[in-house]
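Chemist:
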Amino acid sequence: MSTIPASEKICSLSKIDLNLLTLFCLIYSVGSISKVADMLDISPSAVSQSLRKLREMMGDNLFVRSGNMLLPTVFSDELYDNTVPIIDKLSTLLPGSTPSPKKRVTLYTESFVSPLVVPELTEKLLETNSDISLLHRTADLNEQKITELLNMRQADVVFSTLSVENSNISCQKVCKVNLVLVAAQDNSLYGNVIDEESFRNASLVGYNTKNEKIIYYRSIVDKKFRSSDRCLLTTSFASILIIIARTQCLGIIPERAFATYSEMYKLRRIDTPFPLPQFSIYSSYRKESNTLLSSVLNDLLLQTT
Numbered sequence: 011m012s013t014i015p016a017s018e019k020i021c022s023l024s025k026i027d028l029n030l031l032t033l034f035c036l037i038y039s040v041g042s043i044s045k046v047a048d049m050l051d052i053s054p055s056a057v058s059q060s061l062r063k064l065r066e067m068m069g070d071n072l073f074v075r076s077g078n079m080l081l082p083t084v085f086s087d088e089l090y091d092n093t094v095p096i097i098d099k100l101s102t103l104l105p106g107s108t109p110s111p112k113k114r115v116t117l118y119t120e121s122f123v124s125p126l127v128v129p130e131l132t133e134k135l136l137e138t139n140s141d142i143s144l145l146h147r148t149a150d151l152n153e154q155k156i157t158e159l160l161n162m163r164q165a166d167v168v169f170s171t172l173s174v175e176n177s178n179i180s181c182q183k184v185c186k187v188n189l190v191l192v193a194a195q196d197n198s199l200y201g202n203v204i205d206e207e208s209f210r211n212a213s214l215v216g217y218n219t220k221n222e223k224i225i226y227y228r229s230i231v232d233k234k235f236r237s238s239d240r241c242l243l244t245t246s247f248a249s250i251l252i253i254i255a256r257t258q259c260l261g262i263i264p265e266r267a268f269a270t271y272s273e274m275y276k277l278r279r280i281d282t283p284f285p286l287p288q289f290s291i292y293s294s295y296r297k298e299s300n301t302l303l304s305s306v307l308n309d310l311l312l313q314t315t
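Going by this note's numbering, the sequence shown opens with residue 11, and the numbers climb by one from there.
1) Quick check: the Cα distance between LEU28 and CYS35, rounded to an integer number of angstroms?
2) Is the beta carbon of LEU33 closer than 8 Å to that of SER60?
3) With H, G and I counted as helix, E and B as strand and the rest as coil, what does DSSP make of TYR200?
4) Please list, in chain order, all residues of the same chain as LEU160 whose beta carbon is under 7 Å from its beta carbon, the five residues on each side excluded.
5) Quick one: give me the first and last residue of the beta strand (DSSP E) that PHE247 is part of.
6) Span of the beta strand (DSSP E) holding LEU72?
7) Just to confirm before moving on: does the CB-CB distance between ILE37 and PRO54 stay below 8 Å?
8) Measure the CB-CB distance between LEU117 and VAL187 and report whether it falls below 8 Å.
9) Taking 6 Å as the limit between beta carbons, can you name the residues of its chain near VAL203, skipping five residues before and five after?
10) Give a yes or no on whether the C-beta atoms belonging to ALA194 and LYS276 are separated by under 8 Å.
11) Considering only the alpha carbon of each residue, which of MET79, ALA56, LEU89 lies closest to ASP1?
12) Which residue spans inside the stretch 126-173 form an unbroken beta strand (DSSP E) run of at least 3?
13) Taking VAL192 and ILE254 to be in contact with their CB atoms under 8 Å, please state how far apart those CB atoms are, rounded to whole angstroms.
14) With 16 other CB atoms within 10 Å as the buried threshold, where does ILE156 fall?
15) If you count every other CB in all the chains shown that lies within 10 Å of the CB of ARG240, and 16 or more means buried, which is it?
16) Does ALA320 pass the burial test, meaning 16 or more other C-beta atoms within 10 Å, or should it be called exposed?
17) Can you give me the C-alpha to C-alpha distance between GLY41 and ARG65, rounded to a whole angstrom?
18) Given a cut-off of 8 Å on the beta-carbon distance, is the pair GLU206 and PRO264 in contact?
19) Mind checking which residues open and close the beta strand (DSSP E) that includes LEU189?
20) Can the beta-carbon of THR245 be found closer than 8 Å to that of SER170?
21) Report back the beta-carbon spacing between VAL174 and CYS181 to the nearest angstrom; my notes put them in contact at under 8 Å.
22) Can you tell me whether DSSP reads MET11 as helix, strand or coil?
23) Let me check understanding here. Comparing Cα to Cα, which of PHE73, ARG210, PRO95, LEU31 lies closest to CYS330?
24) As a quick exercise: from ASN176, PRO287, LEU31, VAL123, pick the residue whose alpha carbon is nearest that of VAL57.
25) DSSP three-state label for PRO82, please.
26) Can you give me the Cβ contacts of LEU382 inside the same chain, cut-off strictly under 6 Å, excluding the 5 residues immediately before and after it?
27) Would a C-beta distance cut-off of 8 Å place ARG114 and LEU135 closer than the cut-off?
28) Alpha carbon to alpha carbon, how far is ASP196 from GLU158?
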C-alpha cells in the first residue's frame, strides 16, 4: 500500500484556507451567518462569501436553512468532528494561550429536575473520563426552547419533562418521577397521614414554573383538594426544602429527592388520601453528539430506570 510522503501532505494543505475552516466551525456552532459576523465584527456578506468558497472546495452544501437557522449536513458533521480538534491544537500555539484541560459538556435542566439528574450525571462523567467538565444551567423549558438550545449548539444535553420530536435530536425517557407530600420531622400539626380537609387548608410551599405539565397537574390537585393559594412559590428547590424543615408548611417534592435529602433536612413523608401526580424526565441531545456523551447517558438510563 503506497503512502503520500509527509512533504507532499504538507504541500497539499496549502490549498486549504484555514480561515474558511474556522468560519465553518463558528457557523456550525451557532447556526447563523449573522451571529458569526457579529462575533468577528465583519459583514454577513463576507461570511457568506467564505462559506460559498468552502462549499465549492468541499463539493457539499454543508448547511441547509431551516427558518432562521442553518442546520449541518451529514458531510458537515463529519468535517466539523475532524476539524475542531486540529483548530483547538493550533490555537494553543498562539502567544499567551493555554490548552483547555477539559472538554466541556453544557447541560440545561429545569430547576426542579436538577437534583434528580445532575449529581448522578456528574458522578458518571467523572468515572468515565476525567477530561470532561460539566457546565450546568437552568431555564424554563418548552419543546421549542429545547430544540433551539440543541440545534444552536448552546447545549449538549437537556433534561426536562418534555419528550422532544425532532429529526436532529435523540430523546429518551430517563425515569418516572413519583411525588410525595413531606413535612418537617418535628411538625406538630400533622401526623403520618393527612385527610382531605387538613390538606385543603394546609400552608403549602411549591415550585414556581412555566412548565405546562406541572401547571396542569397542580391545577387538578388544587381544584379538587385546595381552598387557598400556596403560601410560597419559588424557583429554588433548596428554599423549598429549607422552608419545609423550618416551618409548619408542607410541600410536594419528588420521591427520589425525598430519599436523598430527608435525613439532611430532617423531613418525613405524609400519606395522602388521594394519588399525587406522576411525570417522566427525558434527556434530549443532538444525534451527532460524541459517543462518550451518548454512552454516559445510556448508562444513566440504566441506573435510573
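A virtual CB, placed ideally from N, CA and C, is assigned to each residue, including glycine.
Modeler: To lay it out plainly:
1) On the sequence shown, position 18 is the one that residue 28 refers to. On the sequence shown, position 25 is the one that residue 35 refers to. So the two alpha carbons sit approximately 11 Å from each other.
2) Locating residue 60 in the sequence shown gives position 50, where the first residue counts as 1. Locating residue 33 in the sequence shown gives position 23, where the first residue counts as 1. Yes, the Cβ-Cβ distance between SER60 and LEU33 is below 8 Å.
3) Taking the sequence shown and counting its residues from 1, the one referred to as residue 200 is at position 190. In this structure, TYR200 counts as coil in the three-state DSSP scheme.
4) Within the sequence shown, residue 160 is the residue found at index 150, counting from 1. Closer than 7 Å at Cβ, skipping near neighbours: VAL168, ILE179, SER294, TYR295, ARG296.
5) Within the sequence shown, the letter at position 237 stands for residue 247. No beta strand (DSSP E) contains PHE247, which is instead part of the alpha helix (DSSP H) from 247-256.
6) The count along the sequence shown starts at 1 and reaches residue 72 at position 62. Note, LEU72: premise wrong, no beta strand (DSSP E); not H, not E.
7) On the sequence shown, residue 37 is found 27 positions in, with the first residue counted as 1. On the sequence shown, residue 54 is found 44 positions in, with the first residue counted as 1. Cβ atoms of ILE37 and PRO54: not closer than 8 Å.
8) As a first step, residue 117 is located in the sequence shown; it is residue number 107 there, counting from the start. As a first step, residue 187 is located in the sequence shown; it is residue number 177 there, counting from the start. When the beta-carbon positions are compared, LEU117 and VAL187 stay at least 8 Å from each other.
9) For the purposes of this step, residue 203 is taken as residue 193 along the sequence shown, with counting starting at 1. Annotation for VAL203: ASP281 place their beta carbon closer than 6 Å to its own, counting only its chain and skipping 5 residues before and after.
10) Locating residue 194 in the sequence shown gives position 184, where the first residue counts as 1. Locating residue 276 in the sequence shown gives position 266, where the first residue counts as 1. For ALA194 and LYS276, yes; Cβs fall inside 8 Å.
11) One cannot answer for residue 1 here, as it falls past the ends of the chain, which runs 11 to 315.
12) Complete beta strand (DSSP E) runs here, min 3: 142-148, 167-170.
13) Taking the sequence shown and counting its residues from 1, one reaches residue 192 at position 182. Taking the sequence shown and counting its residues from 1, one reaches residue 254 at position 244. Indeed they touch by this definition, with Cβ atoms about 6 Å apart.
14) Against the sequence shown, residue 156 aligns to sequence position 146. A buried status is given to ILE156, since no fewer than 16 other beta-carbon atoms sit within 10 Å of its beta-carbon.
15) Locating residue 240 in the sequence shown gives position 230, counting from the first residue. Here ARG240 is buried. Its C-beta has 16 or more other C-beta atoms within 10 Å.
16) Examination of residue 320 is not possible in this model, given that the chain is present from 11 through 315 alone.
17) Within the sequence shown, the letter at position 31 stands for residue 41. Within the sequence shown, the letter at position 55 stands for residue 65. Between the alpha carbons of GLY41 and ARG65 lies a distance of about 16 Å.
18) The sequence position of residue 206 within the sequence shown is 196, counting from 1. The sequence position of residue 264 within the sequence shown is 254, counting from 1. Inclusion of GLU206 and PRO264 in the CB contact set at 8 Å is not warranted, their separation being larger than that value.
19) Position 179 of the sequence shown, counting from 1, holds the residue named residue 189. LEU189 -> beta strand (DSSP E) spans 179-194.
20) Here residue 245 refers to the residue found at position 235 when the sequence shown is read from its first residue. Here residue 170 refers to the residue found at position 160 when the sequence shown is read from its first residue. No, the pair does not count as a contact, with Cβ atoms beyond the cut-off.
21) Here residue 174 corresponds to residue number 164 of the sequence shown, with the count starting at 1. Here residue 181 corresponds to residue number 171 of the sequence shown, with the count starting at 1. Taking C-beta atoms under 8 Å as the contact rule, VAL174 and CYS181 qualify, at a distance of about 5 Å.
22) Residue numbering aside, residue 11 sits at position 1 when the sequence shown is read from its first letter. Because MET11 carries a pLDDT of 43, less than 50, the predicted location of this residue cannot be relied on, and the following value inherits that uncertainty. Look at MET11 here: in three-state DSSP terms it is coil, with no helix or strand label.
23) Nothing about residue 330 can be read from this structure; the chain reaches only from 11 to 315.
24) On the sequence shown, position 47 is the one that residue 57 refers to. Ranking ASN176, PRO287, LEU31, VAL123 by CA distance to the CA of VAL57 puts LEU31 first.
25) Walking along the sequence shown from the start, residue 82 turns up at place 72. In this structure, PRO82 counts as strand in the three-state DSSP scheme.
26) The structure shown has nothing for residue 382, since the chain only spans 11 to 315.
27) Reading the sequence shown from its first residue, position 104 is the one you call residue 114. Reading the sequence shown from its first residue, position 125 is the one you call residue 135. No.
28) To locate residue 196, count along the sequence shown from 1; it is residue 186. To locate residue 158, count along the sequence shown from 1; it is residue 148. If I take the Cα positions, the gap works out to 46 Å.
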